[in-house]
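> If you scroll down you'll find the structure; I have some questions about it.
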Amino acid sequence: MEKAYDPKQVEQRWYQTWVERGYFHASATGPGSPYAIVMPPPNITGSLHMGHALNNTLQDILIRWRRMQGRNTLWVPGTDHAGIATQNVVEKQLLAEGTTRDKLGRDRFIQKVWEWKAQSGGAIIEQLKRLGSSCDWDRLRFTMDEGLSKAVREVFVRLYEDGLIYRGERLINWCPRCLTALSDIEVEHEDATGKLYHIRYPLADDRSTPLTVATTRPETLLGDTGVAVHPEDPRYNRFIGKRVKLPLTRRLIPVVGDSILVDREFGTGAVKITPAHDFNDFEAGLRHNLPRLALIDQQARLDPAGLRDAQVDDALQERLASKPVREARALVVDALEKGGFLAKVEDHPMALGKCYRCKTVVEPYLSPQWFVKIQPLAEPAIKAVESAQIRLIPAQWTNNYLAWMRDIKDWCISRQIWWGHQIPAWYCVNCGRDTGTLLEAPKSFTLTAEAKPLVARHAPSHCPDCGHHQLVRDPDVLDTWFSSALWPFSTLGWPDETPELKTFYPTSTLVTGFDILFFWVARMIMMGLKFMGQEPFRDVYIHALVRDAEGQKMSKSKGNVIDPLEVMDKYGTDALRFTLAAMASPGRDIKLSEERIEGYRNFANKLWNAARFILMHREGPRADAPVAERPVTDRWILSRLHRCIGEVNASLEAYRFDEAANTLYQFIWHEYCDWYVELVKPALADKASRQAAPTRTTLIESFETLLRLLHPFMPFITEEIWQALPHKGESIMIAPYPTPNPALINDSIETEIASVTSVVSAVRNIRGSQGIPSSRQLHAAVATPAETFKNTLKTHHNLIASIAGISDLAIDTDVKPYPHSASSSVVFPGGGVGIIYVDLAGLIDVEKEKTRIEKRLKELAAQIEQTEKKLSNPHFVAKVPPDVLKKTKARHEECRAEHEKLTGELRRLRAMSGGAG
RNA sequence: GGGCGGAUAGCUCAGCUGGUCAGAGCGCUGCCCUUACAAGGCAGAGGUCACAGGUUCGACCCCUGUUCCGCCUACCA
Numbered sequence: 068m069e070k071a072y073d074p075k076q077v078e079q080r081w082y083q084t085w086v087e088r089g090y091f092h093a094s095a096t097g098p099g100s101p102y103a104i105v106m107p108p109p110n111i112t113g114s115l116h117m118g119h120a121l122n123n124t125l126q127d128i129l130i131r132w133r134r135m136q137g138r139n140t141l142w143v144p145g146t147d148h149a150g151i152a153t154q155n156v157v158e159k160q161l162l163a164e165g166t167t168r169d170k171l172g173r174d175r176f177i178q179k180v181w182e183w184k185a186q187s188g189g190a191i192i193e194q195l196k197r198l199g200s201s202c203d204w205d206r207l208r209f210t211m212d213e214g215l216s217k218a219v220r221e222v223f224v225r226l227y228e229d230g231l232i233y234r235g236e237r238l239i240n241w242c243p244r245c246l247t248a249l250s251d252i253e254v255e256h257e258d259a260t261g262k263l264y265h266i267r268y269p270l271a272d273d274r275s276t277p278l279t280v281a282t283t284r285p286e287t288l289l290g291d292t293g294v295a296v297h298p299e300d301p302r303y304n305r306f307i308g309k310r311v312k313l314p315l316t317r318r319l320i321p322v323v324g325d326s327i328l329v330d331r332e333f334g335t336g337a338v339k340i341t342p343a344h345d346f347n348d349f350e351a352g353l354r355h356n357l358p359r360l361a362l363i364d365q366q367a368r369l370d371p372a373g374l375r376d377a378q379v380d381d382a383l384q385e386r387l388a389s390k391p392v393r394e395a396r397a398l399v400v401d402a403l404e405k406g407g408f409l410a411k412v413e414d415h416p417m418a419l420g421k422c423y424r425c426k427t428v429v430e431p432y433l434s435p436q437w438f439v440k441i442q443p444l445a446e447p448a449i450k451a452v453e454s455a456q457i458r459l460i461p462a463q464w465t466n467n468y469l470a471w472m473r474d475i476k477d478w479c480i481s482r483q484i485w486w487g488h489q490i491p492a493w494y495c496v497n498c499g500r501d502t503g504t505l506l507e508a509p510k511s512f513t514l515t516a517e518a519k520p521l522v523a524r525h526a527p528s529h530c531p532d533c534g535h536h537q538l539v540r541d542p543d544v545l546d547t548w549f550s551s552a553l554w555p556f557s558t559l560g561w562p563d564e565t566p567e568l569k570t571f572y573p574t575s576t577l578v579t580g581f582d583i584l585f586f587w588v589a590r591m592i593m594m595g596l597k598f599m600g601q602e603p604f605r606d607v608y609i610h611a612l613v614r615d616a617e618g619q620k621m622s623k624s625k626g627n628v629i630d631p632l633e634v635m636d637k638y639g640t641d642a643l644r645f646t647l648a649a650m651a652s653p654g655r656d657i658k659l660s661e662e663r664i665e666g667y668r669n670f671a672n673k674l675w676n677a678a679r680f681i682l683m684h685r686e687g688p689r690a691d692a693p694v695a696e697r698p699v700t701d702r703w704i705l706s707r708l709h710r711c712i713g714e715v716n717a718s719l720e721a722y723r724f725d726e727a728a729n730t731l732y733q734f735i736w737h738e739y740c741d742w743y744v745e746l747v748k749p750a751l752a753d754k755a756s757r758q759a760a761p762t763r764t765t766l767i768e769s770f771e772t773l774l775r776l777l778h779p780f781m782p783f784i785t786e787e788i789w790q791a792l793p794h795k796g797e798s799i800m801i802a803p804y805p806t807p808n809p810a811l812i813n814d815s816i817e818t819e820i821a822s823v824t825s826v827v828s829a830v831r832n833i834r835g836s837q838g839i840p841s842s843r844q845l846h847a848a849v850a851t852p853a854e855t856f857k858n859t860l861k862t863h864h865n866l867i868a869s870i871a872g873i874s875d876l877a878i879d880t881d882v883k884p885y886p887h888s889a890s891s892s893v894v895f896p897g898g899g900v901g902i903i904y905v906d907l908a909g910l911i912d913v914e915k916e917k918t919r920i921e922k923r924l925k926e927l928a929a930q931i932e933q934t935e936k937k938l939s940n941p942h943f944v945a946k947v948p949p950d951v952l953k954k955t956k957a958r959h960e961e962c963r964a965e966h967e968k969l970t971g972e973l974r975r976l977r978a979m980s981g982g983a984g
């Protein structure tokens, strides 16, 4: 074996072997109780970032753990077609090639996207493999696969037939860059400082009396069809029913009373109403029967036809025509000012809605769209979580989820793009012409809100109303999240009744980031309950965001991205995985720093070198003795190991990846390597010793067990080492996961070894403070009146002497200090105190020694005072549980005994230095 | 505006239903190339657990309030 672990040589080789041997593949008829996870499908446009790395590491830990436990384990991988994002990418590419999607036409464009997907859409899958993900690649799915598309059509049709999907003209969020509708949650709100404009609207019958309104969007004034005041506002309510002259136009608009829209405290207390361009105004418009004047077009420019309809002053119409909203605003404000309408402008904090894909400011836009009537779907989804049929972990998310679900709005699912699942609705051209709901243009057509759709699984051959054969399909596609909402059952073959569906649905655990709780998780729950009649998963483990070391969100523009691929190259995949697991504390963002990864790289190397040591001592007879007959040190490590096994399993059950990782780290490094390997060296060095053979056995057995325990976290290095060790089976990844054996856990042996280590540590402490090299052999003597302690130490006399570097060790009830000795008290974990003297003739620095003892005395004095205070308090003695009282008393006695011993020692030192000086 | 979370060692974080000197990793200091490992070993320094009250025999933990920092959510134009 090499002196240092080199991940590069190992990772690819083992991954390939695992795949070739089919270990990742799951069968619906396989043995063991099913355990299934569906992977949150990354976008095909994506490349692996730390969020993916975390997400998939955690899933792989769960999957490998369950697989080793003998469960029938399925991890379904896949990718998402990411409608808007992918279309953007391909359009950009077309632009570089000097063409556009409109020039290509729909069919050829979609073909282009598929070509692009074939070429670059698989990158992230390869990257997931590098991470060690043990997914069933035979079941790789894509949201646009034929099977999944069939599921989408099925769901759409059934929801439509159930009256849960409808088409209608609503105000929706529109991205003027992506040129499509967005759902409410696809809009990100960003705080911004805007301006609040106070504008005078003169009364129609008394031009000298203005009604002043306040608005953040003065350009929309041209589309106002009313002004609202509060009906109980004495300042204004006499105006209700009158009309005002809309500035910059030739229109008169009514003043209405509206207590919902108007907040008397805000602004001027009067609100302009623009039903076509504001969500609240839209509602208000409905309440008061106000017309809707749309004057902003799809690209967020002022529409000439709209300006004309709005009877905007001719001169202004010309200047505004086709101007982007932002420019138009300046022109309108300018015109208002010149006309004397502008009363006041003030700074105003506000939230700007932006497209979550491209960050363009979204426009409320009036258009016919498809919606899911969500309330009836939400109700069962609320119940499933309330009743804990579905558990959210950490549980804090439950409130968030429930609050959002209870206040859910209808879901706009149509997108005006080409890449995606085209809506399975058709329209009769003949009927459309007759009713004027289908407006034909040279190369396209427009459907009004009243157009009558024929929703079907397959293209209908003729119109059921008029019998004509000329039908056109709805050009819109579905929101990408509509198809991912079906993921847990569509990937298993639904709507067909497959064995996979029967075995693996509901899936066991969903691992995901909180950022898509509403986008994805909530919708999967609704759809799963609706179409499968059962929740899609039992547990939802919600992990945090990965940030940089300063807590900033990683982003390309900030340049603070830590690329997982680079990290894997530099430190190895196992180190990255372990880091992410160890830092996955529930409910806290992960602040990733390279130093931390380096630390776990070192951990991997530590493990590697422990393996080298063990393999070095593999030769020689091994005694497969019953545990009871093995040396105490062996029984000790087995006891500790089985405690560790219990803890790791419990932590994993509780989704405490951080706890499990830290337990493993702590045990492997600081118990197994630091102590066990050291304790075992004397026995191994003496090949003839009776202990050598059983110790070799224990060493190898325990380490092999430890590797299996660690495997889900660090799959590569554990496999590499395991294969070099005596083992049963062909791969560690299908070897059984360790389970704790309570019979091996032994408190008294743990206490016994703890007393050995406490003496060794005491000697080392003296060495450290006196600066004595560990190579220098010393003489030492331990005195203790505690019989058990004394006997234990005597039993392990040679062991202590050997690993503490003591050539002459005396142990007795009472011993004589050396003339020049340093000393330390030793507390026996089972109760009792001793003192150890180390002969430092010619080496001792008495001052340092005094300082050390004085410091310890001070600590003890504080402790004694504290326990004394408690014990002298009658309330404490009366009320406290007996075991706590006992412990406190014992602690008190221990400290007093130790204090006494050290005080004597200090006195002796003072006399000594006094005598010398 | 509402909701959630956080504030513990220089940094990043654990600390389970209140009860033995408050823990870890990294960093820092000193000594050590001891035959698995210098990507290492041994030892050590470092904390009025944000602040103020309260409950309790006892509070990092429970309650109230305050300050600061995140995030989600919301139509105050």
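In the working numbering, the protein residues as written are 68 to 984.
Each residue gets a CB set at the ideal place from its N, CA and C atoms; glycine is no exception.
Three Cβ pairs or more, each shorter than 8 Å: is that satisfied between the segment 149 to 157 and the segment 109 to 117?
yes
> Quick test of your reading: V882 and I833, contact by CB under 8 Å. State the CB separation rounded to the nearest angstrom.
As a first step, residue 882 must be located in the first sequence, where it is residue number 815. As a first step, residue 833 must be located in the first sequence, where it is residue number 766. Wrong, their Cβ atoms sit about 16 Å apart, outside the cutoff.
> Tell me whether T427 sits in a helix, a strand or coil according to DSSP, three-state version.
Looking up residue 427 in the first sequence gives position 360. Here T427 sits in coil by DSSP.
> By how many angstroms is the C-alpha of F724 removed from the C-alpha of A190?
For this step, residue 190 is matched to residue 123 along the first sequence. For this step, residue 724 is matched to residue 657 along the first sequence. Here the alpha carbon of A190 sits roughly 28 Å from the alpha carbon of F724.
> Got a sec, what are the start and stop residues for the beta strand (DSSP E) P805 sits in?
As a first step, residue 805 must be located in the first sequence, where it is residue number 738. Unbroken run through P805: none, as it is neither H nor E.
> Candidates G901, A908, L938 and E797: which alpha carbon is nearest L969's?
Taking the first sequence and counting its residues from 1, the one referred to as residue 969 is at position 902. Comparing Cα positions, the closest option is G901.
> Would you list, in sequence order, the uninterrupted alpha helix (DSSP H) runs of no fewer than 4 residues that lie entirely inside the segment 524 to 553?
547 to 551
> How about T700 and T762: do their beta carbons lie closer than 9 Å?
As a position in the first sequence, residue 700 is number 633, starting the count at 1. As a position in the first sequence, residue 762 is number 695, starting the count at 1. Yes, the pair counts as a contact, with Cβ atoms nearer than the cut-off.
> Please classify V951 as buried or exposed, where buried requires at least 16 other C-beta atoms within 10 Å of its C-beta.
Counted from its first residue, the first sequence places residue 951 at position 884. It is exposed - the Cβ of V951 has fewer than 16 other Cβ atoms within 10 Å.
> Under 9 Å, do P555 and T574 count as touching if we go by C-beta distance?
Taking the first sequence and counting its residues from 1, the one referred to as residue 555 is at position 488. Taking the first sequence and counting its residues from 1, the one referred to as residue 574 is at position 507. Cβ atoms of P555 and T574: closer than 9 Å.
> By DSSP's criteria, P46 is part of a beta bridge. Which residues make up the other side?
The question about residue 46 has no answer here: the residues shown for the chain are numbered 68 through 984.
> Start and end of the alpha helix (DSSP H) containing T785?
Mapped onto the first sequence, residue 785 falls at position 718. Per DSSP, T785 belongs to the alpha helix (DSSP H) from P782 to A791.
> Assuming V827 and A871 are in contact, meaning their beta carbons sit under 8 Å apart, how far apart are those beta carbons, in whole angstroms?
As a position in the first sequence, residue 827 is number 760, starting the count at 1. As a position in the first sequence, residue 871 is number 804, starting the count at 1. Right, the Cβ-Cβ distance comes to about 5 Å (below 8 Å), so this counts as a contact.
> Examine the Cβ distances between the segment 274 to 286 and the segment 323 to 336 and report whether three or more of them are shorter than 8 Å.
yes
> Would the segment 603 to 611 and the segment 629 to 643 be scored as touching if the rule is three or more Cβ pairs under 8 Å?
The segment 603 to 611 makes no contact with the segment 629 to 643, as fewer than three CB pairs between them are under 8 Å.
> Are the segment 224 to 235 and the segment 158 to 165 in contact at 8 Å, needing three or more beta carbon pairs?
Flag = no, the segment 224 to 235 and the segment 158 to 165 do not touch.
> Compute the beta-carbon to beta-carbon distance between H536 and H525, rounded to the nearest angstrom, for a pair I have assumed lies under 8 Å.
Counted from its first residue, the first sequence places residue 536 at position 469. Counted from its first residue, the first sequence places residue 525 at position 458. At roughly 15 Å, the Cβ-Cβ gap does not stay under 8 Å, so H536 and H525 are not in contact.
> Report the rounded CA-to-CA distance for G984 versus V913, giving the unit in angstroms.
Position 917 of the first sequence, counted from the first residue, corresponds to residue 984. Position 846 of the first sequence, counted from the first residue, corresponds to residue 913. The pLDDT assigned to G984 is 36, lower than 50, so where the model puts this residue is not dependable; a value taken from the coordinates is nonetheless given after this. When rounded, the distance between both Cα atoms is 11 Å.
> Under the DSSP definition of a beta bridge, which residues are partnered with L674?
The count along the first sequence starts at 1 and reaches residue 674 at position 607. In DSSP, L674 forms no bridge with anything.
> State the beta-bridge partners of L263 as determined by DSSP.
Residue 263 sits at position 196 when you count from the first residue of the first sequence. Paired residue(s): E413.
> Quick check on the burial criterion: 16 or more other C-beta atoms within 10 angstroms. Buried or exposed for D401?
Stepping through the first sequence from its first residue, residue 401 is reached at position 334. Exposed: under 16 other Cβ atoms inside 10 Å.
> Go ahead and label G982 buried or exposed: buried means 16 or more other beta carbons lie within 10 angstroms of its beta carbon, across all protein chains shown.
For the purposes of this step, residue 982 is taken as the residue at position 915 of the first sequence. With a pLDDT of 49 at G982, under the threshold of 50, the modelled position of this residue cannot be trusted, and the question is left open.
> Quick one: residues in its chain with C-beta nearer than 7 Å to the C-beta of M591, no 5 flanking neighbours on either side, listed in chain order?
By one-based count along the first sequence, residue 591 stands at place 524. Excluding residues within five positions, the ones whose Cβ falls inside 7 Å are A552, W554, P555 and P603.
> Can you tell me whether R208 is buried or exposed, with buried defined as 16 or more other CB within 10 angstroms of its CB?
Within the first sequence, the letter at position 141 stands for residue 208. The residue is buried, with at least 16 neighbouring Cβ atoms inside 10 Å.
> Which residue wins for smallest C-alpha separation from P314, given the options L568, K510, L403 and Q442?
The sequence position of residue 314 within the first sequence is 247, counting from 1. When only C-alpha atoms are compared, the closest one is L403.
> Secondary structure at T700, three-state DSSP: helix, strand or coil?
What you label residue 700 is simply residue 633 of the first sequence in a count that begins at 1. DSSP places T700 in helix when its eight states are reduced to three.
> Out of A448, I712, S511 and V86, which one is the CA nearest neighbour of G172?
As a working note, residue 172 is residue 105 in the first sequence. Residue S511 is the option with its Cα nearest to G172.
> Around the C-beta of Q83, are 16 or more other C-beta atoms found within 10 angstroms, so that it is buried, or is it exposed?
For this step, residue 83 is matched to residue 16 along the first sequence. Classification of Q83: exposed, given that the 10 Å Cβ count is below 16.
> Closer than 8 Å is the cut-off here; do at least three beta carbon pairs connect the segment 243 to 260 with the segment 480 to 493?
yes
> Quick one: what's got a C-beta closer than 6 Å to L226's C-beta in the same chain, skipping five residues either side?
Position 159 of the first sequence, counted from the start, is the residue given in the question as residue 226. Counting only Cβ-Cβ distances below 6 Å, and skipping sequence neighbours, we find I232.
> When the Cα atoms are used, what is the spatial distance from F783 to A671?
Here residue 783 refers to the residue found at position 716 of the first sequence. Here residue 671 refers to the residue found at position 604 of the first sequence. Approximately 10 Å between the Cα atoms of the pair.
> Return helix, strand or coil for G308, following the three-state DSSP convention.
Counting from one through the first sequence, the residue named residue 308 turns up at place 241. The answer is coil: DSSP assigns G308 none of H, G, I, E or B.
> Who are the near neighbours of I704 in its chain, counting only those whose CB is closer than 6 Å to its CB and skipping five residues on each side?
Taking the first sequence and counting its residues from 1, one reaches residue 704 at position 637. Closer than 6 Å at the Cβ level, and outside the excluded window around I704, lie Y743 and S769.
> What are the start and end residues of the alpha helix (DSSP H) that includes V893?
Your numbering for residue 893 matches position 826 in the first sequence. Run containing V893: none in the alpha helix (DSSP H); it sits in the beta strand (DSSP E), S888 to V894.
> With a Cβ-Cβ cutoff of 9 Å, do Q378 and R331 count as a contact?
Looking up residue 378 in the first sequence gives position 311. Looking up residue 331 in the first sequence gives position 264. Contact flag unset, no.
> I902 by DSSP, collapsed to three states: which one?
The residue labelled residue 902 in the question sits at position 835 within the first sequence. Strand at I902.
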